[in-house]
Each structure stands twice: as structure tokens, then as C-alpha cells.
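In the working numbering, the protein residues as written are 31 to 313.
Written out below as C-alpha cells is the structure these notes cover.
In C-alpha cells, the structure reads:
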């Protein structure tokens, strides 16, 4: 039975609340791979509770709507769902501890056809529970591989493409073998990231790294490429195009498009794992 666009657009999410402490922000930074060198004074503020700084992308782990796609009323074949893209807009820094709330909503559902699936865009804002101050807006793109052909509109063409010219800079980032085991403590308990049997059933040689982990790494590396403090990151988006295995070396290619914006791709060997990346900064 095909999905129903109207049902999904009207889906009523329960508000989500979460209290987090400084150790949660530190655990997130460690899960991305920071802190491996205790003498690196640029990374120390994100893993040391004294005057702790919080990475902007930490927000993706907070006040999640949970496994709502498993509700049969959605009509979604959740076993054939993949996280295909992420866009975040950061309005102000997250404190190192606090209590936040969010309420998700489905913004759009597009139809790519029977053989290509559907695309769903879900948005949520992370707010301070007491003041109502908005810290960021998160837009998650989900590819519903088995749910196309319901008669909806096709998605719009991409807003931008990676330039054909020579890159402006390249930076590498080494993931480590046990990284998915550590990163999952941020709240993503999908066994695909820890259970070798589940990974094998999905066609992978071993458990894969979380897309949100690779996304957080992209935020760190983009700040290095732009020579900007992480607090100046105002937006970050990319598309997940190929799985990353813990232990892979990520090669990031960057193109500067303006004083405030850098475009990027990330590769593992010859495979593009992140595409149509864009990072925006305040001056």
C-alpha cells in the first residue's frame, strides 16, 4: 500500500524534551574523534569541562522525535529508509548544559517514482525550555526507498552543485575503528552500527559509522578549512551518498564561494561519501 502524502503532512508529533549535562556535550565531541591528542589546545575546550565549549552540531542529538517511522499508520517501509541529507541553521551557541524542547513537523513528501522511492523532509527547532529561545533549526531528509509511486510531485533540482574547477584546499580526517561503538552513546541505538550480523545482512563487511557522526566531522573540518571558530558556524548541509566504515580516512575537498560560504565533498578512496556540502559562517 503506497504512502499517503496528506497523512504524513498532517502527522502530529509529540513534543520532545531533553535535559543534557556537560558530560553529554563532551561525549559528543569524543564520539566525533576530538580529544585523541590531549595536547591539542584547539580541541581541548570541547572535551574539558573547565570553560567547556559546545559544538554546534551537538544539536542533532537533542530532543529527537524517536522511532516514529515504525508506526504502521505512517505507511512507511521503515526497513528501507535511509538518512540521505541534513541541513542545519545555527542561530546561537548551545550552552554546555541545559534543558531543551522540540516539536517535529513534516514539511514535504516528494515522489521519485516506483523504482526510485520517495523523499521526506522533516524539520524541528531546538529551543530552550524556559526562555523559548531558538538555538537552531534542523532539516533532515529521509529517502524512502520502497515507497515511491504514490502520485506526488518530484523533488526540485538541487540548489547548487560542486564546482568543476580545482579545489581551493583539501583536509583529511581519520576516523577510528571503534568510533561507531562510542558515537552511538549519543542516542542512536541502531544495531547497524554495532552488530556485525546486522551489518552483514545489510550488505556491509562490518558495522558502519553513523551519518550524523560524519556530518559532525564535516562541521569541524569545514571550520578548519575556513579558519573560523566553531562558534561562527551558522549553517551546515550535505548529502550522504556512500557509507563510511569506522577506521576510514575522510578526504575533504573545499571550494570557497564567498567570504561566508564554503562548498565541499568528502571522499573515502575514490568513493564520494558526502556530496553537495555547504558551510556558512558569520564574519
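We treat Cβ as the ideally placed atom computed from N, Cα and C, and that holds for glycine.
Predicted, not measured: the structure shown is a model, and the values here were computed from it.
- Within the same chain, Cβ atoms closer than 8 angstroms to the Cβ of residue 77 are found at 56, 59, 60, 64 and 65, the five residues on either side in sequence being excluded.
- With 16 or more other Cβ atoms from the protein chains shown falling within 10 Å of its own Cβ, residue 283 counts as buried.
- Contact annotation: residue 225 and residue 237 have beta-carbon atoms nearer than 8 angstroms.
- Setting aside the 5 residues that flank it on each side, residue 82 is surrounded in the same chain by 52 and 126, each with a C-beta closer than 6 angstroms to its C-beta; the list follows chain order.
- Considered as a whole, the stretch 33 to 72 harbours 46 to 50 as its complete beta strand (DSSP E) runs of no fewer than 3 residues, in chain order.
- The C-alpha of residue 39 lies about 44 angstroms from the C-alpha of residue 80.
- Secondary structure note for residue 156: its beta strand (DSSP E) is the uninterrupted segment 148 to 158.
- Residue state for residue 279 is assigned as strand, using DSSP reduced to three classes.
- For secondary structure counted as the alpha helix (DSSP H) over 4 or more consecutive residues, the stretch 169 to 249 holds these complete runs in sequence order: 209 to 213 and 226 to 231.
- DSSP, reduced to helix, strand and coil, places residue 107 outside both helices and strands of the structure shown, so it counts as coil.
- Distances from the CA of residue 103 to each of 247, 301, 204 and 35 were compared; the closest alpha carbon is that of 35.
- Between the beta-carbon of residue 245 and that of residue 116 there is about 5 angstroms, and that keeps the pair under the 8 angstroms contact cut.
- Bridge pairing for residue 253: absent [DSSP].
- Residue 160 and residue 151 have their C-alpha atoms roughly 28 angstroms apart.
- The bridge partners DSSP lists for residue 291 are 310.
- Taking C-beta atoms as the reference points, residue 106 and residue 130 fail to come closer than 8 angstroms.
- When secondary structure is reduced to three states using DSSP, residue 90 falls in the helix class.
- Around the beta carbon of residue 276, 16 or more other beta carbons sit within 10 angstroms, so the residue counts as buried.
- Remark: C-beta atoms of residue 89 and residue 166 approach each other more closely than 8 angstroms.
- A check of alpha carbon separations from residue 291 across 311, 178, 124 and 71 identifies 311 as the nearest.
- Residue 273 sits buried, since 16 or more C-beta atoms from the chains shown fall within 10 Å of its C-beta.
- Residue 249 places its beta carbon 8 angstroms or farther from that of residue 91.
- Looking at the DSSP output, residue 267 sits in a beta bridge with 117 and 308.
- Taking C-beta atoms as the reference points, residue 200 and residue 259 fail to come closer than 8 angstroms.
- In this structure, the beta-carbon distance from residue 174 to residue 148 falls below 8 angstroms.
- Taken atom to atom, the span from the alpha-carbon of residue 216 to that of residue 241 is near 13 angstroms.
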